[in-house]
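Please read the structure below before turning to the comments.
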Amino acid sequence: MQFFLEVLIGGLLSGVMYSFVALGFVLIYKASGVFNFAQGAMVFFAALTFVGILELGVPFWIALVLAFGAMVLLGIGTERIVLRPMVNQPPIALFMATIGLTFFVEGLAQAMWGASVRGLDLGIQDEPIEWMMEATGIGVSKFDLFAAGVAAVLVTALALFFQYTRVGRALRAVADDHQAALSIGIPLQTIWRIVWAVAGFVALVAGLIWGARNGVQFALTFTALKALPVLILGGFTSVPGAIVGGLIIGSSEKLAEVYLGAYVGGGIDSWFPYVMALAFLLIRPEGLFGEKHIDRV
Amino acid sequence: MLYREAGQFKATYAADQQIFPIRQDRIGIQLLLALAFVAVPLFASEYWLKAIMVPFLVFSLAALGLNILTGYAGQLSLGSAAFMAVGAFASYNFMLRIDGMPLLVAFALGGLMAALVGIAFGLPSLRIKGFYLAVATLAAQFFIVWLLTKVGWFSNDSSSGVITAQEMVILGYRFDSPQAKYLLVLSIVAVMALMAKNMVRSSVGRAWMAVRDMDVAAEVIGIRIMYTKLLAFAVSSFYCGVAGALYAFAYLGTVEPEGFNLDLSFKILFMIIIGGVGSISGAFLGSAFIVLLPIFLDVLVQDVFAGLLSPSIASNMQLMVFGGLIIFFLIVEPHGLARLWQIAKEKLRLWPFPH
Numbered sequence: 044m045q046f047f048l049e050v051l052i053g054g055l056l057s058g059v060m061y062s063f064v065a066l067g068f069v070l071i072y073k074a075s076g077v078f079n080f081a082q083g084a085m086v087f088f089a090a091l092t093f094v095g096i097l098e099l100g101v102p103f104w105i106a107l108v109l110a111f112g113a114m115v116l117l118g119i120g121t122e123r124i125v126l127r128p129m130v131n132q133p134p135i136a137l138f139m140a141t142i143g144l145t146f147f148v149e150g151l152a153q154a155m156w157g158a159s160v161r162g163l164d165l166g167i168q169d170e171p172i173e174w175m176m177e178a179t180g181i182g183v184s185k186f187d188l189f190a191a192g193v194a195a196v197l198v199t200a201l202a203l204f205f206q207y208t209r210v211g212r213a214l215r216a217v218a219d220d221h222q223a224a225l226s227i228g229i230p231l232q233t234i235w236r237i238v239w240a241v242a243g244f245v246a247l248v249a250g251l252i253w254g255a256r257n258g259v260q261f262a263l264t265f266t267a268l269k270a271l272p273v274l275i276l277g278g279f280t281s282v283p284g285a286i287v288g289g290l291i292i293g294s295s296e297k298l299a300e301v302y303l304g305a306y307v308g309g310g311i312d313s314w315f316p317y318v319m320a321l322a323f324l325l326i327r328p329e330g331l332f333g334e335k336h337i338d339r340v
Numbered sequence: 020m021l022y023r024e025a026g027q028f029k030a031t032y033a034a035d036q037q038i039f040p041i042r043q044d045r046i047g048i049q050l051l052l053a054l055a056f057v058a059v060p061l062f063a064s065e066y067w068l069k070a071i072m073v074p075f076l077v078f079s080l081a082a083l084g085l086n087i088l089t090g091y092a093g094q095l096s097l098g099s100a101a102f103m104a105v106g107a108f109a110s111y112n113f114m115l116r117i118d119g120m121p122l123l124v125a126f127a128l129g130g131l132m133a134a135l136v137g138i139a140f141g142l143p144s145l146r147i148k149g150f151y152l153a154v155a156t157l158a159a160q161f162f163i164v165w166l167l168t169k170v171g172w173f174s175n176d177s178s179s180g181v182i183t184a185q186e187m188v189i190l191g192y193r194f195d196s197p198q199a200k201y202l203l204v205l206s207i208v209a210v211m212a213l214m215a216k217n218m219v220r221s222s223v224g225r226a227w228m229a230v231r232d233m234d235v236a237a238e239v240i241g242i243r244i245m246y247t248k249l250l251a252f253a254v255s256s257f258y259c260g261v262a263g264a265l266y267a268f269a270y271l272g273t274v275e276p277e278g279f280n281l282d283l284s285f286k287i288l289f290m291i292i293i294g295g296v297g298s299i300s301g302a303f304l305g306s307a308f309i310v311l312l313p314i315f316l317d318v319l320v321q322d323v324f325a326g327l328l329s330p331s332i333a334s335n336m337q338l339m340v341f342g343g344l345i346i347f348f349l350i351v352e353p354h355g356l357a358r359l360w361q362i363a364k365e366k367l368r369l370w371p372f373p374h
């Protein structure tokens with residue numbers, strides 16, 4: 044029981060990590076209907092830019108502001124150069140354009156800062172909490188709890204933003220129907236710039252958390268792939284769904300690896316989330332919190 | 020004027036419906052085939068045959084398969100490499116476990132095994148579409164690579180899943196030399212390309228295009244959606260399976276499951292994007308582009324920027340150029356290189372007049 048709880052908690056906390064990337068997808072999909080496959084590359088770019096600026100001797104918080112500025116520029120540049128010329132293209136073409144963007148951002152990041160692995164220290168150690176270990180025997184990492192806290196704050200802020208601010212309402216209107224939003228005077232270009240800037244910020248947060256955990260390296264770009272099952276479960280259009288989906292995927296992935304892996308040779312965490320998402324799709328295609336889509340002929 | 024069909028009359032249905040109704044097109048394709056079958060083996064160097072022509076043909080076949088699924092049937096797939104892996108490993112196992120198994124039959128059976136796997140992972144397409152289907156094919160991609168790595172039976176109990184393809188022998192003739200391998204791959208690709216062209220011109224192809232354009236309306240007018248979609252997955256996976264077998268037997272020789280990873284799937288997806296989605300010739304144009312571009316960039320860096328750029332920066336620049344070109348193509352010519360070729364032919368009909 045104690046071991047089970049430890050595996051479950053560890054899985055839940057690793058699911059939070061996936062949620063960070065899924066949030067970026069949700070934001071852009073909500074606002075513009077684009078499935079931004081380059082979110083993973085943007086996470087890598089954000090982390091590498093931050094570490095690169097740190098290595099130049101810039102203090103922590105100034106480096107954070109500069110990295111945020113770089114991410115905002117990248118997001119706005121993406122919307123301006125890549126997606127605006129492709130208005131009215133079918134979604135599959137936009138999806139493919141973001142795959143091309145993935146390669147570009149990966150090459151750009153490594154060309155600017157080099158490809159070596161770098162450590163990232165946020166001041167919080169990845170070690171168990173002592174009093175909890177003594178009281179219950181369950182090891183929970185301080186860093187994991189910190190990440191969960193950051194995720195909670197981020198999701199709360201985003202949910203409040205979408206629900207209770209003027210810009211948030213405009214974003215939801217744009218996501219529903221671009222033409223209708225235009226007709227009542229919402230400036231589409233400004234809204235898209237805002238949403239890409241916010242997605243850039245989310246990518247920066249994700250990059251810092253993932254980079255501190257795994258080191259800043261090329262493999263960060265593959266975090267995007269694990270976010271896909273999270274999106275399937277949580278729905279492409281729900282900010283809280285990204286967290287719930289992340290928790291479910293993270294915990295089921297670890298539990299499956301620990302309890303089922305022994306029978307089939309291990310390593311099943313590489314594909315188990317996708318198969319689970321696939322099974323879920325056949326039952327409820329729009330996800331737990333997603334909006335039901337009705338076909339028009 | 021040289022490209023007009025003035026004076027070319029059709030007196031029979033067969034003449035009217037042929038693949039190349041214009042005489043100039045027929046002459047052009049005959050010259051191209053003569054070039055491919057006769058001139059290239061005679062004059063091309065071993066490097067060109069082994070490192071450029073054979074992978075170009077293998078990837079063209081895989082791109083053909085993906086184009087049938089994504090370009091004609093409209094089903095998004097990120098699992099092409101997994102179906103190639105199934106084809107490669109199945110062919111290997113048929114050759115290994117059945118004495119006297121003919122090579123071409125092993126390739127065909129490898130394709131059939133890939134088709135069966137494609138149908139299994141195509142079942143979700145009956146209920147989901149678009150990006151959701153991409154996740155389903157990602158499940159295929161990761162699961163198949165994991166299965167081929169972990170289950171030792173598929174690789175004859177090789178500890179890392181690596182297999183070495185058997186020798187290619189047909190009726191006692193051994194395909195050892197680069198010319199022989201090239202001609203074998205070329206023959207297979209030519210025949211399968213012709214089959215694909217005829218398939219998409221038939222009622223099956225028209226059903227695929229109807230499903231792609233609007234599946235609800237297609238169902239309303241009587242097209243069987245389930246059969247049509249699963250057939251697209253089966254045919255596509257068959258082509259990818261045969262391409263995977265050729266990839267293992269005629270190109271690399273030694274393969275491992277990790278070699279058929281997601282990057283390879285993306286590569287094949289880009290071939291059909293750049294070459295032209297929904298175009299048979301686009302698969303070849305896109306494949307040529309993807310195979311030649313890195314080589315061209317390498318040569319360019321070596322000759323023009325020798326010593327100015329470090330190798331690591333040069334390779335990252337290559338990535339940026341690659342990604343940038345994809346975006347560029349999608350913006351300025353969403354229908355790919357095949358469309359440019361078509362436009363060129365239209366211009367030729369009016370030449371020397373401007374419009």
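Here the protein sequences come in this chain order: A and B.
When we follow the working numbering, the leftmost residue of the first sequence carries the number 44, and every step to the right adds one.
When we follow the working numbering, the leftmost residue of the second sequence carries the number 20, and every step to the right adds one.
Note that beta-carbon positions come from the ideal geometry of N, C-alpha and C, so glycine has one too.
Because the structure is a prediction, the values reported are computed rather than measured.
Does any CB atom of chain B fall closer than 8 Å to the CB of residue i?
i	result
S313(A)	yes
A154(A)	yes
V125(A)	yes
I119(A)	no
V59(A)	no
Chain A beta carbons: is any one of them nearer than 8 Å to that of residue i?
i	result
I240(B)	no
W172(B)	no
I244(B)	no
I314(B)	no
G343(B)	yes
F39(B)	no
F268(B)	no
F285(B)	yes
Under 7 Å Cβ-Cβ, which residues of chain A neighbour residue i?
i	result
N335(B)	G150, Q153, A154
F113(B)	Simply none; closest approach about 24 Å.
F279(B)	Residues of chain A passing the Cβ test: none, with the nearest at roughly 14 Å.
Can you give me the C-alpha to C-alpha distance between residue i and residue j, rounded to a whole angstrom?
i	j	result
V125(A)	L135(B)	38 Å
L271(B)	K69(B)	9 Å
F189(A)	R256(A)	11 Å
S281(A)	V69(A)	7 Å
E365(B)	E24(B)	12 Å
M129(A)	L249(B)	31 Å
G171(B)	F315(A)	20 Å
F238(B)	G294(B)	Reading off the sequence, residue 238(B) comes out as Glu, not Phe. Approximately 30 Å between the Cα atoms of the pair.
F78(B)	L166(B)	24 Å
E122(A)	I286(A)	26 Å
Q361(B)	L197(A)	51 Å
L203(B)	L312(B)	25 Å
For a contact meaning CB atoms closer than 9 Å, what does residue i contact in chain A?
i	result
M339(B)	F146, F147, V148, E149, G150, L151, A154
W227(B)	Within 9 Å Cβ-Cβ: nothing; W227(B) doesn't reach chain A, min ~15 Å.
Under 7 Å between beta-carbons, which chain B residues line up against residue i? List them in chain order, please.
i	result
Q132(A)	P353
L271(A)	V154, L157
Along chain B, in chain order, which residues have C-beta atoms closer than 8 Å to that of residue i?
i	result
V282(A)	None at all; the shortest Cβ gap to chain B is about 18 Å.
For residue i, does the count of other Cβ atoms within 10 angstroms reach 16, so buried, or fall short, so exposed?
i	result
R231(B)	buried
P276(B)	buried
Q37(B)	exposed
E98(A)	exposed
G289(A)	buried
N79(A)	buried
A100(B)	buried
T89(B)	buried
V323(B)	exposed
A159(B)	buried
Along chain D, in chain order, which residues have C-beta atoms closer than 8 Å to that of residue i?
i	result
A158(B)	Of the protein chains in this structure, namely A and B, none is chain D.
What residues of chain B sit near residue i, judged by a beta carbon separation below 9 Å?
i	result
P230(A)	Residues of chain B passing the Cβ test: none, with the nearest at roughly 23 Å.
F78(A)	G149, F150, A153
F138(A)	L95, G149, F150, A153
Note down, in chain order, every chain A residue with its Cβ under 8 Å from the Cβ of residue i.
i	result
W165(B)	G310, I311, S313, W314
P143(B)	L321, L324, L325
L349(B)	M129, Q132, A136, M139, A140, G143
F161(B)	S313, W314, Y317
According to DSSP, what are the bridge partners of residue i?
i	result
R116(B)	Answer by DSSP bridge pairing: none, since R116(B) is not bridged.
Y72(A)	Paired residues: none, contrary to the question.
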